[in-house]
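Read through the structure below, which is laid out as structure tokens, and then see the notes.
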Amino acid sequence: MDAKAVLQGVLVLLLHIILTAAEYKRVCYYSGWSLYRDKERGLAPEDIDPYLCTHIVYAYATLDDTGTRIIVPNGYESEELNLFRRFHSMRAKNEDLVMMLSLGGWATDSKLFSKTVSSLENMQRFAEEAINYLRKHDFDGLDIDWQFPATRGSPPEDVENYYRFLRLLQWEFEHEEEPDDKSTLILTICVDPTVERASISYDLPRYARWVNWINMKMFDFSGHWNDPIIANHHSPLYSAHDPKNVNNLSRYWVNKGVPRHKIVIGLPMYGRSFSLANTNYTQPGAPAIGPGSDDGDGYPISQLCHLIKNGAREMMIADKRVPYVVIGDEWVGYDNPESIKQKARIAFNNFLGGVMIWTLDMDDHRGACGRPYPLINAALDGLNARHGYNELITNARQDQAQQAAAKKEIYRQRALGWEMQDKQERIHHQQRGGRRRGW
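What the sequence shown shows, in mature numbering (1 follows the signal peptide of the UniProt record, and there is no 0), is residues -22 to -1, 1 to 417, in sequence order.
Now the structure itself:
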């Protein structure tokens, strides 16, 4: 092969990278409870950087008792819907931002989803209600996080029923007479991608045909719920011995027939902690007696970063390429900017759909330990999306400057108008021999 052909090949590859970098999704989940967390972790919609993500997903809505209507949880409808309006206010800054609603989560009983998919009539009714709900509240699509088909009171046949449901729902979305200023509604699912879970609850290669993409939760692979309880990292990048890792599972689902562009890798903005059984044994794999100080809720990076900043020693698990830290009798496995960047790089290098962020409020969004959103920014770098992000920021600043200049010009013109009016009035009074009175 001559040098010219090599150069052409390199140029084609570079062009492909430039063109596709903008297409990688950055799907960021915003939890409804973010607003009610403590001061440092609390995150209001108005405080979110609207350019970091291509899609923002509000989690969660739930189902009514019939399984056919979307409702907001806990009956706080008026408050939650006000949060919806605040959530959508981000579009005023970034009109290209896609806003979605996630339905389900652990708190939604699996038996309710089972009702949804139990009959064609229920599926059809849900589809109609969902379209009305999404349009009424200005969402661009629906994400379904059913935990889990064929478990927690859901019968085995729901794996197939879920397939029929997704097929019907996508058909209804595509054939909706959408408003003139709206696009076709997006349909996605959020899943546990481990082989153990998928073999029971999903048929992902078939599901992929009827959804726009699949958000794969590449985290919580291990935790205090395991028996025996072992201090293991919950989201390894690689592993020499355990198939439950980001690289292996991404490749596994490609090989199983899920289209590459429909695989979106989930990235955790938190760690998992354990209380060690013996403080003399702190290596990965050490016996533990339960969760650490996070009580099993996850250790947000916004808190963990303080410990590291104040001197806690960060150590790496060599074969898994992810960090952990030990503080007294507490062992915490988490992600740092480098491990997040490398996970996002797997999506980039293998032409996957992008990355999913769980959740916005758990990153150091206030920049308490340095740069705001350190992990999400690392994901941008892993996707080679930094240039596009900077361009959005530059354009936004230029727009703001232009708006400010336009407003200033309006005020200047008004002032000139008032000055001219004053001048004309003085001339008029002088011509009439009158005198203008002051206040």
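In this text, a Cβ means the ideal position worked out from N, Cα and C, and glycines have one as well.
DSSP places residue 104 within a helical segment (H, G or I) once states are collapsed to three.
When 172, 269, 176 are compared, the shortest CA-CA separation from residue 210 is found for 269. Under a 10 Å Cβ-count criterion, residue 294 is classified as exposed, with fewer than 16 other Cβ atoms of the shown protein chains found around its own Cβ.
Per the C-alpha coordinates, the member of 183, 72, 339 positioned closest to residue 371 is 72.
Uninterrupted alpha helix (DSSP H) stretches at least 4 residues long and entirely within the stretch 113 to 182 occur at 136 to 152, 173 to 179, given in chain order.
Using a 10 angstroms sphere on the CB of residue 205, the tally of other CB atoms stays under 16, which defines it as exposed. Nearest C-alpha to residue 27 among 99, 93, 68: 68. In the three-state reduction of the DSSP assignment, residue 365 falls in the helix class, which pools H, G and I. In the structure shown, the three-state DSSP call for residue 33 is strand.
Across the structure, residue 76 and residue 129 are spaced so that their CA atoms are roughly 32 Å apart.
The stretch 219 to 274 is shown to contain whole beta strand (DSSP E) runs of 3 or more residues at 241 to 246, 248 to 254, 266 to 269, in chain order.
Within 10 angstroms of the beta-carbon of residue 64 lie fewer than 16 other beta-carbons, which makes it exposed. Bounds of any beta strand (DSSP E) do not take in residue 291, whose DSSP letter is neither H nor E. Minimum Cα-Cα distance from residue 135 among the listed residues 292, 95, 41, 125 corresponds to 95.
DSSP places residue 6 in the strand class (E or B) of the three-state scheme.
Following the DSSP letters along the chain, one finds residue 315 inside the alpha helix (DSSP H) bounded by residues 315 to 327. Contact annotation: residue 163 and residue 109 have beta-carbon atoms nearer than 8 Å. Beta-bridge partners of residue 193 (DSSP): 168, 242. Three or more Cβ pairs drawn from the stretch 328 to 341 and the stretch 241 to 248 lie within less than 8 Å of each other, which places the two stretches in contact. In the same chain as residue 285, and ignoring 5 residues on each side of it, the C-beta atoms closer than 8 Å to its own belong to 303, 305, in chain order. Using a C-beta cut-off of 8 Å, the stretch 113 to 131 makes contact with the stretch 75 to 94, since at least three inter-stretch Cβ pairs fall below that distance. Judged by beta-carbon spacing, residue 301 lies within the 8 Å limit of residue 292, meaning their Cβ atoms are closer than that value.
The Cβ-Cβ distance between residue 34 and residue 111 does not fall below 8 Å. Residue 314 and residue 219 have their alpha carbons spaced roughly 22 Å apart. The stretch 346 to 365 and the stretch 316 to 323 touch, with no fewer than 3 CB-CB distances between them shorter than 8 Å. Measuring C-alpha to C-alpha distances from residue 272 to each of 105, 140, 20, 310 identifies 310 as the nearest. DSSP places residue 80 in the uninterrupted beta strand (DSSP E) bounded by 76 to 82. DSSP places residue 11 within a helical segment (H, G or I) once states are collapsed to three.
The stretch 327 to 334 makes contact with the stretch 231 to 242; the number of CB pairs closer than 8 Å reaches 3 or more.
The stretch 195 to 203 makes no contact with the stretch 147 to 157; the number of CB pairs closer than 8 Å stays below 3.
At a Cβ-Cβ threshold of 8 Å, residue 172 and residue 193 do not count as neighbours. In the DSSP annotation of this structure, the continuous segment of the beta strand (DSSP E) that includes residue 305 starts and ends at 300 to 305.
Residue 36 and residue 258 have their C-alpha atoms some 43 Å from each other. Rounded to the nearest whole angstrom, the CA to CA distance from residue 276 to residue 216 is 21 Å. In the structure shown, residue 312 adopts coil according to DSSP, grouped into three states.
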